[in-house]
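**Q** Note that numbering that gives the first Met the number 0 gives residue 26 to position 27 of the sequence shown, counting from 1, and the numbers run on in steps of one.
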Amino acid sequence: MVARLIADRLQTDTYQVEAAEPYPFSYDDTVERNRREQQQDARPALASPPPALEGYDVVLLGSPVWNVGAPMIMHTLLDQWDLRGKTILPFVTYAVSGMGRVAQEYATLAPAATIGEGLAVQGEEAAQATDEVSTWLRRVGPMLQSNR
Ligand SMILES: Cc1cc2nc3c(=O)[nH]c(=O)nc-3n(C[C@H](O)[C@H](O)[C@H](O)COP(=O)(O)O)c2cc1C
Numbered sequence: 000m001v002a003r004l005i006a007d008r009l010q011t012d013t014y015q016v017e018a019a020e021p022y023p024f025s026y027d028d029t030v031e032r033n034r035r036e037q038q039q040d041a042r043p044a045l046a047s048p049p050p051a052l053e054g055y056d057v058v059l060l061g062s063p064v065w066n067v068g069a070p071m072i073m074h075t076l077l078d079q080w081d082l083r084g085k086t087i088l089p090f091v092t093y094a095v096s097g098m099g100r101v102a103q104e105y106a107t108l109a110p111a112a113t114i115g116e117g118l119a120v121q122g123e124e125a126a127q128a129t130d131e132v133s134t135w136l137r138r139v140g141p142m143l144q145s146n147r
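1) Locate the beta strand (DSSP E) running through Q38, then write down its first and last residues.
2) Using only the heavy atoms of ligand 1, determine whether one of them is closer than 7 Å to the beta carbon of T75.
3) According to DSSP, is V1 helix, strand or coil?
4) Identify whether Y93 lies in helix, strand or coil by the three-state DSSP scheme.
5) How far does the alpha helix (DSSP H) with A102 in it extend, from its first residue to its last?
6) Once DSSP output is grouped into helix, strand and coil, what is the label at A202?
7) Under a three-way DSSP split, which group does S133 fall into?
8) Does the region 71 to 86 touch the region 32 to 43, meaning 3 or more C-beta pairs lie closer than 8 Å?
9) Use the C-beta contact count for F24: other C-beta atoms within 10 angstroms, 16 or more gives buried, fewer gives exposed.
10) Drop a sphere of 10 angstroms on the beta-carbon of P89, count the other beta-carbons inside from all chains shown, and report buried for 16 or more, exposed for fewer.
11) Which residues are close to ligand 3, meaning CB closer than 5 Å to any heavy atom, in chain order?
12) Let me check understanding here. Comparing Cα to Cα, which of T92, T13, Y55 lies closest to G122?
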């Protein structure tokens, strides 16, 4: 929902991160699978290959917060991309923990990228996040200017 708000506003290209093996419908089963994947530092497979990043300077990278970090499939994604010299703008939905350690994880996975200011939206507020998204986009605007 938040990604759609951002993409509509900026008219960006989008790529939806989906697991080749879909996560269970049940919340508890998903928590359990994520816990296992984090423990194993797993790289769950993507359902479709990510787009090439040539021609892009800025990547707005969105996910829910899972156990205070990014879902491990975001690690799979960043492993596959060369983000040298690019800017990552992280955005998340969460229940209670805010951004958690998502931005630090991205900095570790893409050490030669610049990590810009992130946006954390509470999941239940996602549908009403238009103003929050607009305020954030105004703040990170100068970083977006460099997008070709
Ligand atoms: C596996 C899993 C782990 C989660 N871990 C956290 C967490 O550490 N901190 C947090 O604030 N929310 C956590 N959540 C809640 C999600 O961030 C939240 O469900 C998501 O952002 C979507 O929001 P919504 O379900 O209210 O629409 C977790 C959810 C799942 C499924």
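Here a beta-carbon is modelled for each residue, glycine too, at the ideal position from N, C-alpha and C.
**A** Short version:
1) Unbroken run through Q38 is the alpha helix (DSSP H), 26 to 38; no beta strand (DSSP E).
2) no
3) Helix, per DSSP.
4) In the structure shown, Y93 sits in a strand (DSSP, three-state: E or B).
5) 101 to 108
6) Residue 202 lies beyond the stretch modelled for the chain, which goes from 0 to 147, so this question has no answer here.
7) helix
8) yes
9) The residue in question, F24, is exposed, as its Cβ has fewer than 16 Cβ neighbours within 10 Å.
10) If you draw a 10 Å sphere on the C-beta of P89, you find 16 or more other C-beta atoms in it, and that means buried.
11) Looking at this structure, you won't find ligand 3 anywhere; what it does contain is ligand 1.
12) The shortest C-alpha to C-alpha distance from G122 to any of T92, T13, Y55 is the one to T92.
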